[in-house]
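A.B. asks:
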Amino acid sequence: MQKQFEPKPSGLLVRAPAKINLVLLVAGKRDDGYHELETVMAKIDLFDTLLFDRSAGAGVELVCRGNPDLSCGPDNLIHKAARAVFAHIGREIPVRIALNKKIPLGAGLGGGSSDAAATILGLNEFAQLALPRETLLQIGAAVGSDVNFFLGGPQSFCTGRGETISEIPKIFAFRAILMLPKQNVSTKMVYERYVHDAAQYARQHDRLAAFLRRSDLESAAQMAVNMLEPSCFALHPELEKLKASVESLGLGRVTLSGSGSALYLLVSALPGQAQRAQSMINERIGCECITVNNNRW
Numbered sequence: 001m002q003k004q005f006e007p008k009p010s011g012l013l014v015r016a017p018a019k020i021n022l023v024l025l026v027a028g029k030r031d032d033g034y035h036e037l038e039t040v041m042a043k044i045d046l047f048d049t050l051l052f053d054r055s056a057g058a059g060v061e062l063v064c065r066g067n068p069d070l071s072c073g074p075d076n077l078i079h080k081a082a083r084a085v086f087a088h089i090g091r092e093i094p095v096r097i098a099l100n101k102k103i104p105l106g107a108g109l110g111g112g113s114s115d116a117a118a119t120i121l122g123l124n125e126f127a128q129l130a131l132p133r134e135t136l137l138q139i140g141a142a143v144g145s146d147v148n149f150f151l152g153g154p155q156s157f158c159t160g161r162g163e164t165i166s167e168i169p170k171i172f173a174f175r176a177i178l179m180l181p182k183q184n185v186s187t188k189m190v191y192e193r194y195v196h197d198a199a200q201y202a203r204q205h206d207r208l209a210a211f212l213r214r215s216d217l218e219s220a221a222q223m224a225v226n227m228l229e230p231s232c233f234a235l236h237p238e239l240e241k242l243k244a245s246v247e248s249l250g251l252g253r254v255t256l257s258g259s260g261s262a263l264y265l266l267v268s269a270l271p272g273q274a275q276r277a278q279s280m281i282n283e284r285i286g287c288e289c290i291t292v293n294n295n296r297w
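Below, the structure written as structure tokens:
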């Protein structure tokens, strides 16, 4: 198993895992404009990497590779996370961060939030700041909704905007086929199109609560519920078609992760089952897909 922190001759390598939403329930809009969420998130073994090294200049020098569409400017969440750390400690740390981007953009896999969390954790480790967990969570909540999940984990029940975290002690070991369409989905647009179904929310809330009371994530995952699917599919009907096409193969239920565009299918961990499912999807549907497992940290 790969570790999150790996010392290198050139500095400190930090791995930033992707996530999938095993369940995602969305309530109505709050007074602050955000939607109230109930979601079970699980880290998977698909990683970006951030290499931390000393820089001759002041502040953060960010170098990006792996995706030409990725901005390395001040809007990148790595910069935002670093600024939040520097504001807390009252000084800048001269650091060069080399990001190798493997998690697709606009896929609902949490890549930006995970990079931000890896920046907070990496600076704490690299500069030996010894900031306590409570402080790291305060910084993370100020950076973005999902950041705090990536500061802990590996599997958590998240509420509020996603920033209120309850870690689940019993780990659900799973394997999944992760489908990676080319669409870059706008989270903002998906939420703007969301139409709240109070009856569905109440029904699924009660089911999820019963499973969580006994830390039964396997049963929760079998709910295969993401209440953002209708609004995402309204914007990108080709994703709804992809879901239906894969489900027609008889391999199981397909679920959208986050606001999309990635979809996943939980599969058996028995030898050869994931390879068989992935081959069927590749050959018959023609969608890029990979096999992933739950991450253990």
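Residue numbers (the working numbering): 1 to 297.
Every residue gets a Cβ at the ideal spot worked out from N, C-alpha and C, and that includes glycine.
(1) Between G90, P104, L266, D115, which lies nearest to I78 when the distance is taken from Cα to Cα?
(2) Which residues mark the beginning and the end of the alpha helix (DSSP H) in which P237 is found?
(3) Give the straight-line distance between the Cα atoms of V14 and A199, rounded to the nearest whole angstrom.
(4) To the nearest whole angstrom, what separates the beta carbons of Q67 and K101, a pair I think is in contact under 8 Å?
(5) Within its chain, find whatever has a CB closer than 7 Å to the CB of A142; leave out the 5 residues flanking it on each side and keep chain order.
(6) State the Cα-Cα distance for the pair I120 and K241, rounded to the nearest angstrom.
(7) Are T159 and L37 touching if we call contact CB-CB under 8 Å?
(8) Looking at S257: is its Cβ nearer than 8 Å to the Cβ of V185?
(9) Buried or exposed for K3, going by 16 or more other Cβ atoms inside 10 Å?
(10) Going by DSSP, what residue range makes up the alpha helix (DSSP H) through H88?
(11) Closer than 8 Å is the cut-off here; do at least three beta carbon pairs connect the stretch 234-248 with the stretch 163-172?
(12) Per DSSP, what are the beta-bridge partners of N295 in this structure?
(13) Should the stretch 93-107 be called in touch with the stretch 46-57, which here means at least 3 C-beta pairs below 8 Å?
(14) Assuming the contact rule is C-beta atoms closer than 8 Å, V147 and S113 should be a hit. Round their C-beta distance to whole Å, please.
(15) Have a look at C72, A58, G57 and flag the residue whose alpha-carbon is nearest the alpha-carbon of C64.
(16) To which residues of the same chain is R253 closer than 7 Å at the C-beta, ignoring the five residues directly before and after it?
(17) Would you mind giving the Cβ-Cβ distance between I281 and M179, rounded to the nearest angstrom? I have them listed as a contact below 8 Å.
(18) Expressed to the nearest angstrom, what Euclidean distance is found between the alpha-carbon atoms of W297 and E6?
(19) Using DSSP with H/G/I as helix, E/B as strand and the rest coil, what is H35?
(20) Name the DSSP bridge partner or partners of A98?
(21) Can you tell me which of the three DSSP states A18 falls into?
(22) With the cut-off set at 8 Å, would you say L235 and V190 are in Cβ contact?
(23) Using three-state DSSP, classify D115 as helix, strand or coil.
(24) Can you tell me whether A176 is helix, strand or coil according to DSSP?
(25) Looking only at its chain, what residues have a beta carbon closer than 8 Å to the beta carbon of A27, apart from the 5 residues adjacent to it on each side?
(26) Of all the options F150, A130, M1, G57, which has the alpha carbon lying nearest to the alpha carbon of K19?
C.D. replies: Answer, in terms of the structure:
(1) D115
(2) 237-247
(3) 43 Å
(4) What sits at residue 67 in the sequence shown is Asn, not Gln. Contact holds; Cβ gap of about 4 Å.
(5) For A142, where only same-chain residues beyond five positions count, the Cβ hits under 7 Å are A84.
(6) 39 Å
(7) yes
(8) no
(9) Result: exposed.
(10) 77-89
(11) no
(12) DSSP output for N295 lists no bridge partner at all.
(13) Flag = yes, the stretch 93-107 and the stretch 46-57 touch.
(14) About 5 Å; that satisfies the 8 Å criterion.
(15) C72
(16) A224, E247
(17) 7 Å
(18) 14 Å
(19) strand
(20) L51, V63
(21) strand
(22) yes
(23) helix
(24) Judged by DSSP in its simplified three-state form, A176 adopts strand.
(25) H35, E36, L37, E38, H196, Y201
(26) F150
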